[in-house]
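Trainee: First residue of the sequence shown: -13, per this note's numbering; consecutive thereafter.
Heads up, the beta-carbon is just placed ideally off N, CA and C, and yes, glycines get one too.
Structure provided below as structure tokens; questions to follow.
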Amino acid sequence: MSVIELTGKSISSKPLAGKVAVVTGGSRGIGATIAKLLAENGAYVAINYQSRTDCAEAVVKEIEEQGGISCAIQSDVSKPNDVKSFMEEVKNRFGKIDILVNNAGITRDRTFRKLSNEDWNEVIDVNLNSVFYTTSEVINHMLEQKFGRIINVSSIIGQSGGFGQSNYAASKAGLIGLTKSLALETARSGITVNAVCPGFIETEMVGEMPDNVKEGIISKIPMQRLGQTEEIAEAVLFLAQATYITGQSINVNGGLYM
Ligand code: NAD
């Protein structure tokens, strides 16, 4: 019996009441903010994380203190067997999956000539292959229930390219192509597939950049500031509720790429 049946807890006045969402890499940064916003709007939220159990548990605790229902499961998105057991556990626990947010991602920045096979493969595995694995685990289920929202967190770098980021840019551009193709294949079945392309957002990923690089980036952003994780989460929430938008990439980048 699923948690929903067991608790009977549903937050009926909220827009995502009764919906079950999975957010990969939901233990910190953009993913944690997405998980919390979806839960605040009524969804039951499962997150996975790679190693930071403390961070993942803190996200679940925060959601539950606000009256939501959530769980965190350790699972490496680049490993198909890990993904399979993660998704099965979510389905057992909550009974279904309605919203899949493919957020987990990494960078291994090097100029092309210095890029090793490992740098290339690791980024493609975590950022792109993982989305094939997670989506493969939910697609038949979403087709059967004739409802699904798949939201892929891509990047401005997948659109514009980035110096020292050919592996990352290829993975994020690949996500945009996957988004459009899957949108075409599922549009008649109540499923929408969209991407969100963040610009430069204030998280650990951007925090690791040297100050002078960060300042150089900010000076080129028309809005003259980094984005906040909440601003990405708002776009994801919008796409989770939208009914006539599919195959799109929504740019949330302060005007840096138009
Ligand atoms: P972050 O490093 O703060 O968080 C990344 C999350 O992914 C973490 O929760 C981490 O545990 C998880 N993760 C990484 N590898 C994993 C694996 N193998 N298995 C399971 N989980 C794994 O990064 P962030 O800035 O919050 O980025 C989130 C997403 O947004 C990423 O896909 C990133 O590429 C994208 N993005 C970020 C920015 C930015 O400026 N921060 C810009 C554009 C796109």
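With DSSP collapsed to three states, give me the class of I(-3).
Mentor: Any reading at I(-3) is ruled out, since the residue's pLDDT is 47, under 50, leaving its predicted position unreliable.
Trainee: Please list, in chain order, all residues of the same chain as Q151 whose beta carbon is under 8 Å from its beta carbon, the five residues on each side excluded.
Mentor: Excluding sequence neighbours, Q151 sits near T93, D95, I143.
Trainee: At 4 residues or longer, and completely inside the segment 131 to 164: list those alpha helix (DSSP H) runs for me, N to C.
Mentor: Counting only runs of 4 or more, we get 143 to 146.
Trainee: Assign V69 to one of three DSSP states: helix, strand, or coil.
Mentor: Correct three-state label for V69: helix.
Trainee: Tell me where the alpha helix (DSSP H) around I187 begins and ends.
Mentor: Careful: I187 lies outside any alpha helix (DSSP H) and carries neither H nor E.
Trainee: Could you tell me if the beta carbon of F72 falls within a distance shorter than 7 Å of some heavy atom in the ligand NAD?
Mentor: Checking every heavy atom of the ligand NAD against the Cβ of F72, none is found closer than 7 Å.
Trainee: By the three-class DSSP mapping on this structure, what secondary structure does V109 have?
Mentor: Three-state DSSP puts V109 in a helix.
Trainee: Report yes or no: do the segment 104 to 112 and the segment 125 to 139 share at least 3 C-beta pairs separated by less than 8 Å?
Mentor: The segment 104 to 112 vs the segment 125 to 139: no contact.
Trainee: Under the rule that 16 or more other beta-carbon atoms within 10 Å means buried, what is I125, buried or exposed?
Mentor: By the 10 Å Cβ count, I125 comes out buried.
Trainee: Going by DSSP, which residues form a beta bridge with V45?
Mentor: For V45, which the question treats as bridged, DSSP gives no partner whatsoever.
Trainee: Consult DSSP for V179 and reduce its assignment to one of helix, strand or coil.
Mentor: Reduced to three states, the DSSP call for V179 is strand.
Trainee: Any heavy atom of the ligand NAD closer than 7 Å to the beta-carbon of V9?
Mentor: Checking every heavy atom of the ligand NAD against the Cβ of V9, none is found closer than 7 Å.
Trainee: Can you have a look at T229 and say buried or exposed, based on whether 16 or more other CB atoms are within 10 angstroms of its CB?
Mentor: By the neighbour-count rule (16 or more Cβ atoms within 10 Å), T229 is not buried but exposed.
Trainee: For a test of the three-state rule: what should DSSP assign to A32, helix, strand or coil?
Mentor: Strand.
Trainee: For A32 and A18, I'd like the C-alpha separation in whole angstroms.
Mentor: Computed Cα separation, rounded: 11 Å.
Trainee: Verify the contact flag: Q36, CB atom, against every heavy atom of the ligand NAD, threshold strictly below 7 Å.
Mentor: Flag set: Cβ of Q36 near the ligand NAD.
Trainee: Would you say the beta carbon of R79 comes nearer than 7 Å to a heavy atom of the ligand NAD?
Mentor: Every heavy atom of the ligand NAD is 7 Å or more from the Cβ of R79, so no.
Trainee: Give me the Cα-Cα distance between P196 and I204, rounded to the nearest whole angstrom.
Mentor: Roughly 13 Å separates the two Cα atoms.
Trainee: Pull up the CB-CB distance for N180 and L225, whole angstroms please, since I reckon it's below 8 Å.
Mentor: Going by Cβ atoms, the distance from N180 to L225 rounds to 5 Å, so yes, they are a contact pair.
Trainee: So, at 8 Å on beta carbons, what are the nonlocal neighbours of S116 in its own chain, with the 5 sequence-adjacent residues on each side left out?
Mentor: Closer than 8 Å at Cβ, skipping near neighbours: T10, V63, S64, V69, N88, A90.
Trainee: In whole angstroms, give me the CA-to-CA distance for W106 and S(-1).
Mentor: Straight-line Cα distance between these residues: approximately 46 Å.
Trainee: Is it buried or exposed for T39, if we count other Cβ within 10 angstroms and need 16 for buried?
Mentor: Looking at its Cβ environment, which holds fewer than 16 other Cβ atoms inside 10 Å, T39 is exposed.
Trainee: Could you tell me the distance, in whole angstroms, from the CA atom of V45 to the CA atom of V182?
Mentor: The straight-line gap from Cα to Cα measures roughly 22 Å.
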